[in-house]
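J.: Numbering (the numbering used here), first residue to last: 46 to 499. Even for Gly, the Cβ is constructed at its ideal location relative to N, Cα and C. Keep in mind the model is a prediction, meaning the values are calculated, not measured.
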Ligand SMILES: *Cc1c(COP(=O)(O)O)cnc(C)c1O
């Protein structure tokens with residue numbers, strides 16, 4: 046299997062190179078040259094355990110890796126989860142199921158991808174002998190999941206910037222209470238956008254980038270999308286066959302990474318008939334699927350912070366398929382959007398999709414109504430998915446985080462204190478964090494001082 050760029054000029058590379066580079070050289074995103082047909086395997090896959098299914102699926106894509114190495118990455122990645130089914134499916138009432146994606150080490154779905162990606166990086170380091178320095182900025186979940194996916198792996202050190210005082214306290218502890226000497230969480234005096242700019246500027250310093258082999262933990266690594274495909278297949282097999290024909294899969298959406306994985310499977314022959322894109326008040330995707338117009342707005346902080354995104358970076362991959370894989374039209378469309386903040390996508394095939402949006406008031410009301418009706422407690426992100434559900438057709442909601450990660454919203458909605466042993470344990474561990482002022486040059490000298498002698 047070879048990998049191409051959505052923009053047409055990023056070369057044709059192997060799986061390992063697509064994973065190692067993350068971004069293509071022409072500013073586009075990697076995609077498989079051709080999606081494999083998985084229908085011949087479905088019967089055999091139906092009874093597989095999660096790791097076995099994951100291995101069988103990824104083997105179709107990672108065909109340049111030795112099978113034993115891939116197997117070890119997959120087994121290692123999902124051994125860190127606290128549920129035997131890894132991504133258990135629970136029925137809440139007739140016609141309504143949820144797939145719990147929060148049994149990984151940081152209690153959010155990003156663990157599915159980052160636990161695997163960390164191990165794929167380690168494989169790369171083993172192969173090339175070159176250590177890497179991961180540098181990223183986070184507003185919460187991605188940083189925590191990246192740190193837990195990468196820490197302790199030989200040859201990897203991790204520097205994560207975040208805005209001081211602006212990430213949820215438990216999310217901060219997930220980054221600072223690791224006890225790992227290869228992890229450097231850095232609180233800066235600035236916003237998330239500032240943090241991102243510092244990181245971007247340092248990546249622009251090519252001499253520095255080369256010297257320390259800087260690598261981004263961007264949300265657009267193709268391996269992340271492929272790892273996320275697996276739980277859709279796994280969940281599909283756990284639903285009764287009678288529920289599959291008219292199923293709607295509801296996905297709380299920010300960067301379009303999670304839902305993209307589900308939708309790409311339809312191109313491989315898994316017949317998921319309907320998807321719903323569930324947004325919070327940052328509703329660019331909701332408006333797109335309602336009106337055909339893709340128009341950027343200002344980010345408005347919500348109770349579901351990991352979905353506080355306006356420009357969905359993975360959307361480019363979806364668009365590529367929508368434009369029949371025409372890199373010239375795609376490049377033009379992305380350029381128009383970048384220059385004007387809006388683009389008309391009237392011709393978009395919306396037949397398989399619907400969309401919904403939830404305000405903060407809707408989120409609280411939904412946590413309350415789901416709890417009253419079923420006794421189940423959903424987190425604020427997942428609540429966006431449950432918002433407005435009638436379950437007149439079989440419905441599967443993807444649960445993206447454990448409610449204990451957002452105790453204040455849960456308390457506000459239903460007056461219940463939710464906890465989780467993993468989070469309780471964090472409260473007893475001494476935190477290690479580094480702070481910086483508002484001068485970006487501090488980051489450069491900090492990394493220098495930490496790595497100069499390694
Ligand atoms: C990242 C995240 C999302 C959004 O996922 P995308 O792939 O960006 O659409 C939703 N819920 C939680 C809890 C997240 O951490």
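1. Need the endpoints of the alpha helix (DSSP H) that residue 79 sits in, please.
2. For residue 341, which beta-bridge partners are listed by DSSP?
3. Mind checking which residues open and close the beta strand (DSSP E) that includes residue 48?
4. Are the Cβ atoms of residue 362 and residue 368 separated by less than 8 angstroms?
5. Use the C-beta contact count for residue 155: other C-beta atoms within 10 angstroms, 16 or more gives buried, fewer gives exposed.
6. Between 171, 182, 346, which lies nearest to residue 198 when the distance is taken from Cα to Cα?
7. Residue range of the alpha helix (DSSP H) that residue 447 falls in?
8. Considering only residues of the same chain and omitting the five flanking positions on each side of residue 489, which have a CB-CB separation below 8 angstroms?
9. Nearest by alpha-carbon distance to residue 498: which of 416, 256, 182, 120 is it?
10. Can you give me the start and stop residues for the beta strand (DSSP E) that residue 495 sits inside?
11. Drop a sphere of 10 angstroms on the beta-carbon of residue 475, count the other beta-carbons inside from all chains shown, and report buried for 16 or more, exposed for fewer.
12. At the level of alpha carbons, what is the spacing between residue 213 and residue 230?
13. Is any heavy atom of ligand 1 found at a distance shorter than 7 angstroms from the C-beta of residue 352?
14. Sorry if obvious, but does the Cβ on residue 297 come closer than 7 angstroms to a heavy atom of ligand 1?
15. Helix, strand or coil: how does DSSP classify residue 65 here?
16. Counting along the chain, where does the beta strand (DSSP E) carrying residue 481 start and finish?
17. Contact defined as beta carbons within less than 8 angstroms: I believe residue 439 pairs with residue 292. What is the distance between those atoms, to the nearest angstrom?
18. Any chance you could list the alpha helix (DSSP H) runs of at least 4 consecutive residues sitting entirely within the stretch 265–292, in chain order?
19. Looking only at C-alpha atoms, which of 169, 409, 276 sits nearest to residue 258?
20. Start and end of the beta strand (DSSP E) containing residue 204?
21. Does DSSP put residue 138 in a helix, in a strand, or in coil?
22. How long is the line joining the alpha carbons of residue 145 and residue 451, rounded to whole angstroms?
23. Does at least one heavy atom of ligand 1 sit under 7 angstroms from the Cβ of residue 369?
24. In the DSSP assignment, find the beta strand (DSSP E) that holds residue 126 and state where it starts and stops.
25. Among 270, 142, 200, 50, which residue has its Cα nearest to the Cα of residue 173?
26. Select from 436, 447, 443 the residue whose C-alpha is nearest the C-alpha of residue 422.
27. Does at least one heavy atom of ligand 1 sit under 7 angstroms from the Cβ of residue 155?
28. Would you say the beta carbon of residue 121 comes nearer than 7 angstroms to a heavy atom of ligand 1?
29. In whole angstroms, what separates the C-alpha of residue 135 from that of residue 384?
30. Give the DSSP-derived three-state secondary structure of residue 414 in the structure shown.
31. Could you have a look at residue 165 and say whether DSSP puts it in helix, strand or coil?
32. With respect to the alpha helix (DSSP H) encompassing residue 102, which residues constitute its N-terminal and C-terminal limits?
33. With three or more beta-carbon pairs closer than 8 angstroms as the criterion, would you say the stretch 383–400 touches the stretch 96–107?
34. Excluding the 5 residues flanking residue 455 on each side, which residues of the same chain have their C-beta closer than 7 angstroms to its C-beta?
35. Who are residue 32's beta bridge partners in DSSP?
36. CB of residue 426 to nearest heavy atom of ligand 1: below 7 angstroms?
T.: Taking the geometry as given:
1. Along the chain shown, one-based indexing puts residue 79 at 34. Per DSSP, residue 79 belongs to no alpha helix (DSSP H) and is neither H nor E.
2. On the chain shown, position 296 is the one that residue 341 refers to. None; residue 341 has no bridge partner.
3. If you number the chain shown from 1, residue 48 lands on position 3. Membership of residue 48 in the beta strand (DSSP E) is indicated by the continuous run 48–50.
4. In the chain shown, counting from the first residue as 1, residue 362 sits at position 317. In the chain shown, counting from the first residue as 1, residue 368 sits at position 323. Cβ distance not < 8 angstroms, so residue 362 and residue 368 don't count as in contact.
5. Taking the chain shown and counting its residues from 1, the one referred to as residue 155 is at position 110. Buried, by the Cβ-count rule.
6. Translated into positions along the chain shown, residue 198 becomes position 153. Checking every option, the nearest Cα to that of residue 198 belongs to 171.
7. Working through the chain shown from its first residue, we reach residue 447 at position 402. From DSSP, residue 447 is part of no alpha helix (DSSP H); its letter is neither H nor E.
8. On the chain shown, position 444 is the one that residue 489 refers to. Once the five neighbours on either side are set aside, the close Cβ partners of residue 489 are 247, 250, 253.
9. Within the chain shown, numbered from 1, the residue matching residue 498 stands at position 453. Selected option, being the one with the closest Cα: 256.
10. Reading the chain shown from its first residue, position 450 is the one you call residue 495. Taken as a continuous stretch (DSSP letters only), residue 495 belongs to no beta strand (DSSP E), being part of the alpha helix (DSSP H) at 486–496.
11. Taking the chain shown and counting its residues from 1, the one referred to as residue 475 is at position 430. The residue in question, residue 475, is exposed, as its Cβ has fewer than 16 Cβ neighbours within 10 Å.
12. Position 168 of the chain shown, counted from the first residue, corresponds to residue 213. Position 185 of the chain shown, counted from the first residue, corresponds to residue 230. As the crow flies, the alpha-carbon of residue 213 is around 14 angstroms from that of residue 230.
13. Position 307 of the chain shown, counting from 1, holds the residue named residue 352. Yes, the Cβ of residue 352 comes within 7 angstroms of a heavy atom of ligand 1.
14. Here the question's residue 297 lines up with position 252 in the chain shown. Checking every heavy atom of ligand 1 against the Cβ of residue 297, one is found closer than 7 angstroms.
15. Within the chain shown, numbered from 1, the residue matching residue 65 stands at position 20. Residue 65 falls in the helix class under three-state DSSP.
16. Within the chain shown, residue 481 is the residue found at index 436, counting from 1. Following the DSSP letters along the chain, one finds residue 481 inside the beta strand (DSSP E) bounded by residues 479–481.
17. By 1-based counting over the chain shown, the position of residue 439 is 394. By 1-based counting over the chain shown, the position of residue 292 is 247. Approximately 5 angstroms separates the beta-carbon atoms of residue 439 and residue 292; this is inside 8 angstroms, confirming the contact.
18. If you keep only unbroken alpha helix (DSSP H) runs of at least 4 residues inside the stretch 265–292, you get 267–283, 286–289.
19. Residue 258 sits at position 213 when you count from the first residue of the chain shown. Nearest C-alpha to residue 258: 169.
20. Residue 204 sits at position 159 when you count from the first residue of the chain shown. Residues 201–208.
21. The residue labelled residue 138 in the question sits at position 93 within the chain shown. It is a strand residue.
22. Along the chain shown, one-based indexing puts residue 145 at 100. Along the chain shown, one-based indexing puts residue 451 at 406. Cα to Cα, the separation comes out at about 16 angstroms.
23. Counted from its first residue, the chain shown places residue 369 at position 324. Result no, Cβ not under 7 angstroms from ligand 1.
24. Along the chain shown, one-based indexing puts residue 126 at 81. Where residue 126 is concerned, there is no enclosing beta strand (DSSP E), given that its DSSP letter is neither H nor E.
25. Residue mapping note: residue 173 aligns to position 128 of the chain shown, counting from 1. Ranking 270, 142, 200, 50 by Cα distance to residue 173 puts 200 first.
26. As a working mapping, residue 422 is identified with position 377 in the chain shown. Considering only 436, 447, 443, the residue with the shortest C-alpha distance to residue 422 is 447.
27. Here residue 155 refers to the residue found at position 110 when the chain shown is read from its first residue. In this structure, ligand 1 has a non-hydrogen atom nearer than 7 angstroms to the beta-carbon of residue 155.
28. Position 76 of the chain shown holds residue 121. No, the beta carbon of residue 121 sits no closer than 7 angstroms to any heavy atom of ligand 1.
29. Working through the chain shown from its first residue, we reach residue 135 at position 90. Working through the chain shown from its first residue, we reach residue 384 at position 339. Put simply, the backbone Cα of residue 135 is about 45 angstroms away from that of residue 384.
30. Locating residue 414 in the chain shown gives position 369, where the first residue counts as 1. DSSP places residue 414 in helix when its eight states are reduced to three.
31. Indexing the chain shown from 1 puts residue 165 at position 120. Helix at residue 165.
32. Counting from 1 along the chain shown, the entry for residue 102 is found at position 57. Taken as a continuous stretch (DSSP letters only), the alpha helix (DSSP H) holding residue 102 covers 95–104.
33. The stretch 383–400 makes no contact with the stretch 96–107: fewer than 3 CB pairs, one atom from each, lie closer than 8 angstroms.
34. Position 410 of the chain shown, counted from the start, is the residue given in the question as residue 455. The answer, listed in chain order, is 412, 422, 448, 461, 463.
35. Any question about residue 32 goes unanswered here, given that the chain covers just 46 to 499.
36. As a working note, residue 426 is residue 381 in the chain shown. Because some heavy atom of ligand 1 lies under 7 angstroms away, the Cβ of residue 426 counts as near it: yes.
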